[in-house]
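Let me begin by presenting the structure, written as structure tokens, before commenting on it.
Residue numbers (this note's numbering), protein chains in the order written: chain S, 1 to 223; chain D, 1001 to 1258.
And the structure:
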């Protein structure tokens, strides 16, 4: 078992989930609030990572953050080097790659909250901040769990983006899925098998949480 | 504001523009302690209340409140919404019981009723004094036995009661907006509630604007009635006068004379 890779993978997935919930929440609130053309375009852009080959995304991120662009220049100015082949580069890539997995469940959740309830809360004097924490968040709790678990699991499983942006540097950018690839290339099938079984178990538990919660929620609504 | 203070204009509401299939063109000055907007469904009644709350985008709204303390005691109109500015919904100091109640489904009855109080900074010295608005609303609508219940355990009438209590519990509201406040509440209950609610608002000096399509309710409230049809005011005055025809028709039915 490649322990540094496991540790790195969990750290990457955890941070990606945290960042994405912070980014996706306001974005999903905005998307769920209206039906304009701009919102549909943004929704389509958010969904792009679902259909693009991860290597396409990884390639553009690598070039986009590379030394030949203003963004890359700015990064070099700030940190002394580009984000390519670093953990932070992986994090940026993962956040973009998993964006739809956080945004879509939240959009569904927010759209399901009765508009009249939200409006009434604000007429009764609640600030937008209070409306969110006391009304919208509790009423769309399940969607937050779904978004978090899917983002986490999806990040654990990513390969193409991580390989393109991160290279394959042990302890720094080598995640579990890349570790498996390396094991197979070294013909070390036993090690690959062990890591792969871990990933299967992890993903299965994650999905069990999502579906288990969904069922519990439905029961409590009926009860 | 004392009782007499209500006999002068306290709010002005102008709403113009297309709202669904209704072309709204209303300019209202509220003077009575309780004003009822009466009209058939689809006449734009609810839209008027929602416009005052700032919840109707795309129509032209002017909403002003008389502030007797402004201009060092001379009083002045304060613009809540108009060409110059538009206050956020939560700053308009309104109490509101919308149509269909819109109870917060995940909160207990008590938490629902306390919501307005807690939203207006329910901490510090003021909180203790403002708490009485909550207690009095609970008493007025006999919510005591229901406080720990969840909305899904309530009957339609009880939910309506929670919605009304929640509006009445908002501390120091400047205007109470009630949209079909007695739908789902039995006749006997309604006849008991109306005088109690009027007395309560009169004691606090808070004016009310309610909406109904029920002739009997408008007559019972004995309020100033504004008759709305297809987005326009077609009559205005004391209930008995504006609803004279309906009153006669109602009596005929009661006597059984066709």
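All C-beta atoms, glycine included, are put in the ideal place defined by N, C-alpha and C.
All of these numbers come straight from a predicted model, not from anything done at the bench.
By the CB criterion at 7 Å, residue 108(S) and residue 46(S) fall outside the cutoff. The Cβ atoms of residue 1130(D) and residue 1171(D) sit closer than 7 Å to each other. In this structure the stretch 1009–1026 of chain D does not touch the stretch 1183–1192 of chain D; the number of beta carbon pairs closer than 8 Å is below three.
If you ignore the 5 residues before and after residue 1023(D), its C-beta comes within less than 7 Å of the C-beta of 1231, all in its own chain and listed in chain order. One Cα belongs to residue 34(S), the other to residue 1047(D), and the distance between them is close to 19 Å. Residue 1139(D) and residue 139(S) have their C-alpha atoms roughly 29 Å apart. Straight-line spacing of the CA atoms in residue 1169(D) and residue 124(S) works out to 10 Å. Under the three-state reduction of DSSP, residue 1207(D) is assigned to coil, being neither helix nor strand.
When only Cα atoms are considered, residue 213(S) and residue 142(S) end up about 7 Å apart. Secondary-structure assignment with DSSP links residue 1096(D) through a beta bridge to 1177(D).
Here residue 1016(D) carries a strand assignment [DSSP, helix/strand/coil]. Between the beta-carbon of residue 1096(D) and that of residue 1167(D) there is about 6 Å, and that keeps the pair under the 8 Å contact cut.
Using a Cβ distance threshold of 7 Å, residue 24(S) and residue 106(S) count as a contacting pair.
For chain S, the residues of the stretch 1089–1102 of chain D that bring a beta carbon within less than 9 Å of one of its beta carbons are 1089, 1090, 1091, 1092, 1093, 1094, 1095, 1096, 1097, 1098, 1099, 1100, 1101 and 1102, in chain order. In the assembly as shown, residue 1251(D) is an exposed residue. Its beta-carbon has fewer than 16 other beta-carbons within 10 Å.
Put simply, the CB of residue 1141(D) is far from chain S, with every gap to its CB atoms at 7 Å or more. Cβ-Cβ separation between residue 87(S) and residue 173(S): approximately 7 Å, consistent with a contact (criterion under 8 Å). Going by DSSP, residue 1063(D) is part of the beta strand (DSSP E) stretching over 1060–1067. Rounded to whole angstroms, the gap between the alpha carbons of residue 72(S) and residue 21(S) is 26 Å. Residue 1133(D) has a beta carbon lying at 7 Å or more from every beta carbon in chain S.
For residue 1107(D) against residue 1092(D), the beta-carbon gap comes to about 22 Å, at or over 8 Å, which does not count as contact.
Straight-line spacing of the CA atoms in residue 1042(D) and residue 150(S) works out to 45 Å.
Note that the stretch 1139–1153 of chain D touches the stretch 1107–1121 of chain D; at least 3 beta-carbon pairs, one per stretch, sit closer than 8 Å.
Contact of residue 139(S) with chain D is assigned, a C-beta pair being separated by under 7 Å. Residue 1045(D) counts as buried, since no fewer than 16 other beta carbons sit within 10 angstroms of its beta carbon. Under the three-state reduction of DSSP output, residue 186(S) falls in the coil class, being neither helix nor strand.
Chain S has a Cβ within less than 7 Å of the Cβ of residue 1115(D). Ranking 51(S), 94(S) and 3(S) by CA distance to the CA of residue 152(S) puts 94(S) first. Distance from residue 1184(D) to residue 1156(D) at the Cβ level is roughly 4 Å; contact confirmed, criterion being Cβ atoms closer than 8 Å. When 8 Å is used as the limit between beta carbons, residue 1055(D) is near these residues of chain S: 119 and 123, in chain order.
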